[in-house]
Amino acid sequence: MHHPTPFAMAIHSALPFDAAETRVRQLLAEAGFGIMTEIDVSATLKAKLGLDSAPCKILGACNPPFAHQAMETEPAVSTLLPCNVVLRELGDCREILAMDPSFMGQVVPALAELGSHVGQIFTSLLQQLEAEAPV
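Residue numbers (numbering that gives the first Met the number 0): 0 to 134.
Put into structure tokens, the structure is as follows:
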């Protein structure tokens, strides 16, 4: 796993795009997360701009108890929710990126413990996916 930015974590997978998406959805569900939003970036770019681009999808993942706790602590944190997970085609592999929830603790110190906990869940999820289909 690598951290392309201070607010994201990422892995590469040999799984085909559709299989990677299915597995990401399964692992999120097993961890208590539902998909609240879904954006097919490549389809949107094609429809709105006529551009052909590699497959890219953004899944907005939400765990209701964690989201409720975060918004009770700091209502404005809702601007950072849901936690996005991005799948994108990178030639012969797929990159799966996730917002690092521990970053919320840097923005809102009162959320440091919760953000760290959720960050550990996302780290575990990505590590499992990476181990299942290494590049």
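No residue lacks a Cβ here, since even glycine has one placed at the ideal position from N, Cα and C.
Cβ-heavy atom distance, Leu86 to the ligand GDP, below 7 Å: Ligands in the displayed structure: none, and consequently the ligand GDP is not present.
At least 3 beta-carbon pairs within less than 8 Å: the stretch 92-105 vs the stretch 71-82: yes
Touching by the beta-carbon criterion (3+ pairs, under 8 Å), the stretch 69-78 and the stretch 29-47: no
Short Cβ contact (8 Å threshold) for Val23 with Leu89: For this step, residue 23 is matched to residue 24 along the sequence shown. For this step, residue 89 is matched to residue 90 along the sequence shown. No, they are not a contact pair.
Beta-carbon separation (whole angstroms), Pro108 vs Ala13, contact threshold 8 Å: In the sequence shown, counting from the first residue as 1, residue 108 sits at position 109. In the sequence shown, counting from the first residue as 1, residue 13 sits at position 14. So it is not a contact: roughly 39 Å between Cβ atoms.
Three-state class that DSSP yields for Asp39 in the structure shown: Along the sequence shown, read from residue 1 onward, the residue named residue 39 stands at position 40. Looking at Asp39 - three-state DSSP - the assignment turns out to be strand.
Whole-number beta carbon distance between Cys61 and Arg87, since they are thought to touch under 8 Å: The residue given as residue 87 occupies position 88 in the sequence shown. The residue given as residue 61 occupies position 62 in the sequence shown. Their Cβ separation, rounded to whole angstroms, is 21 Å, which puts Arg87 and Cys61 out of contact at 8 Å.
Distance, Leu27 Cα to Glu20 Cα: One-based indexing of the sequence shown puts residue 20 at position 21. One-based indexing of the sequence shown puts residue 27 at position 28. Distance between the alpha carbons of Glu20 and Leu27 is about 11 Å.
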